[in-house]
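> I have a structure I would like to understand better, so I am pasting it below and will then ask my questions one at a time.
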Amino acid sequence: GAVVSQHPSWVICKSGTSVKIECRSLDFQATTMFWYRQFPKQSLMLMATSNEGSKATYEQGVEKDKFLINHASLTLSTLTVTSAHPEDSSFYICSARDRFMGGSPYEQYFGPGTRLTVT
Amino acid sequence: QQQVKQSPQSLIVQKGGISIINCAYENTAFDYFPWYQQFPGKGPALLIAIRPDVSEKKEGRFTISFNKSAKQFSLHIMDSQPGDSATYFCAASLNFGNEKLTFGTGTRLTIIP
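As they're listed, the protein sequences go chains R and A.
The working numbering numbers the first residue of the first sequence as 18 and each following residue consecutively.
The working numbering numbers the first residue of the second sequence as 11 and each following residue consecutively.
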């Protein structure tokens, strides 16, 4: 149980184009999803927190107009990188928290990640 | 004050040995401390987690030791195996994990035969 999928697993796009990454909770409902970015051999950097049905909360320094996040349902959140540039090339990882997990702690389940390469 | 410092950056341990990774935090309000294992090209997976009301938690070969007064916690991997070779991240959160995770910088562990 508690499986999170991401699609695509890797994508190559040309500079100036937009790319959408999907994050799905397959066997649970997630009121909250998180989007991270990870550069090679570095730690995960939280980009934004996404709550179902409301606007995402972006971390300081993350451009909300460039990284569009939509959490339209309890099982799907999307990250759209708009007007991508080579410096946006990175490993993007989402995580989701189970809506119905009783008590604490509130475990986050991570997706397998999406490798984005902008040429 | 939100930082979590992790050491060492890389670690090489012989098969069968004990791998020890340390983390330190500043924010005394943190109340949930998980450890994640990440293989190349994959997302992190939760290994084990602890709350500050206990000093140690063991699950199989993995043990978390927690020192609240020193604001430090560590991961011990007993009988380390080549399959344990991965990057390990400590993290901390508020509200028993209900808030965002603050990750350490990661430790690349290599287990040699």
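Virtual Cβ for every residue (Gly too), placed ideally from N, Cα, C.
Please report how far the alpha carbon of A/Pro-18 lies from the alpha carbon of A/Leu-111, in whole angstroms.
Spanning the two alpha carbons is a distance of roughly 20 Å.
> Closer than 9 Å, CB to CB, is A/Ala-80 near chain R or not?
No, its Cβ sits nowhere closer than 9 Å to a Cβ of chain R.
> Could you tell me whether the Cβ atoms of R/Arg-132 and A/Gly-51 are closer together than 9 Å?
Yes. Within cutoff.
> For A/Pro-123, which residues of its own chain have a beta-carbon under 6 Å away from its beta-carbon, when the five flanking residues on both sides are left out?
Result list for A/Pro-123: Lys-25, in chain order.
> Using 9 Å as the threshold, is the C-beta distance between R/Phe-84 and R/Leu-96 below it?
Yes. Within cutoff.
> Do you know offhand how far A/Leu-85's Cα is from R/Thr-66's?
Answer to the nearest angstrom: the Cα atoms are 28 Å apart.
> Compute the Euclidean distance between the alpha carbons of R/Asn-87 and R/Thr-34, then round it to the nearest angstrom.
For R/Asn-87 and R/Thr-34, the distance between alpha carbons rounds to 18 Å.
> Give every residue of the same chain whose Cβ lies closer than 7 Å to the Cβ of R/Val-135, excluding the five residues on either side of it in the sequence, and list them in chain order.
The answer, listed in chain order, is Cys-30, Ser-32, Ala-101, His-102, Pro-103, Asp-105, Ser-106.
> Could you check the C-alpha separation between A/Ile-22 and A/Ile-121 for me, to the nearest Å?
Taking the straight line from one Cα to the other gives about 6 Å.
> Put A/Ile-121 into one of helix, strand or coil per three-state DSSP.
Residue state, collapsed to three classes: strand.
> Which same chain residues, not among the five before or five after R/Pro-25, have their C-beta less than 7 Å away from its C-beta?
Taken in chain order, the residues that qualify are Thr-131.
> Between R/Ser-71 and R/Lys-81, what straight-line distance do the alpha-carbon atoms span, to the nearest angstrom?
Whole-angstrom Cα-Cα distance: 14 Å.
> Do we get a CB-CB distance below 9 Å when we pair A/Ala-39 with the residues of chain R?
It does not: the Cβ of A/Ala-39 has no partner Cβ on chain R nearer than 9 Å.
> Ignore the nearest five residues each way along the sequence and tell me which others in R/Gly-120's own chain have a CB closer than 8 Å to its CB.
Residue placement at R/Gly-120 is flagged as unreliable, the pLDDT there being 48, under the threshold of 50; the coordinate-derived value follows with that caveat. Correct list: empty, nothing qualifies.
> Cβ of R/Val-21 less than 9 Å from any chain A Cβ?
Yes, contact with chain A.
> Quick one: list the residues of chain A neighbouring R/Glu-124, beta-carbon separation under 7 Å, in chain order.
Those within 7 Å of R/Glu-124 in chain A are Leu-56, Gly-107.
> Return no unless some Cβ of chain A is closer than 9 Å to the Cβ of R/Gly-128.
By this cut-off, R/Gly-128 is an interface position.
> In chain A, what lies closer than 9 Å to R/Leu-63 by C-beta?
Here the neighbours are Lys-110, Leu-111, Thr-112, Phe-113.
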